[in-house]
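Participant: First the structure, which I've put down as structure tokens, then a few questions once you've had a look.
Residue numbers (my numbering): 1 to 128.
Structural data, given as structure tokens:
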């Protein structure tokens with residue numbers, strides 16, 4: 001199956017893993033080592049609320065290319081089988097859209113653009 005044929009859920013599944021890896025690397029590089037701290041601070045990056053906030057800001061900035069935005073929409077418009085634990089449906093769908101573009105960039109081997117996306121999110125996260 002071609003990557004372009006993957007549905008939004010599949011792209012978000014991969015994107016969740018990619019973003020989680022980046023967050024874990026970031027937290028370790030900042031010196032966090034206790035599991036309770038790692039868990040607590042990772043929530044600021046990977047919760048649906050945080051991801052939806054990042055997506056809103058990136059959209060406002062016009063960060064995404066047309067092609068990337070189509071992937072965001074594919075992820076956002078996916079009808080998930082699971083329900084978010086701590087987020088409303090709109091927030092959860094926005095987070096899924098952000099995860100989808102992470103997954104797509106990773107699978108398409110667009111490493112430079114993936115890094116640009118992550119660095120911008122880190123900058124946004126440091127502002128909070």
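Idealized CB from N, CA, C, for every residue including glycine.
Can you tell me whether residue 16 is helix, strand or coil according to DSSP?
Facilitator: Of the three classes helix, strand and coil, the one that applies to residue 16 here is helix, per DSSP.
Participant: Residue ranges of each beta strand (DSSP E) run of no fewer than 3 residues wholly in the stretch 48-79, ordered along the chain?
Facilitator: Here no run is fully enclosed.
Participant: Terminal residues of the continuous alpha helix (DSSP H) containing residue 92?
Facilitator: Residue 92 -> alpha helix (DSSP H) spans 89-107.
Participant: What residue range does the alpha helix (DSSP H) around residue 111 cover?
Facilitator: Counting along the chain, the alpha helix (DSSP H) containing residue 111 begins and ends at 111-127.
Participant: With distances taken between CB atoms, is the gap from residue 42 to residue 55 smaller than 9 Å?
Facilitator: No.
Participant: Quick one: grab the DSSP three-state call for residue 4.
Facilitator: Of the three classes helix, strand and coil, the one that applies to residue 4 here is helix, per DSSP.
Participant: For residue 12 versus residue 125, is the C-beta spacing smaller than 9 Å?
Facilitator: No, the pair does not count as a contact, with Cβ atoms beyond the cut-off.
Participant: Thinking just about the alpha-carbon of each residue, which of 7, 19, 10 is nearest to the one in residue 114?
Facilitator: Selected option, being the one with the closest Cα: 19.
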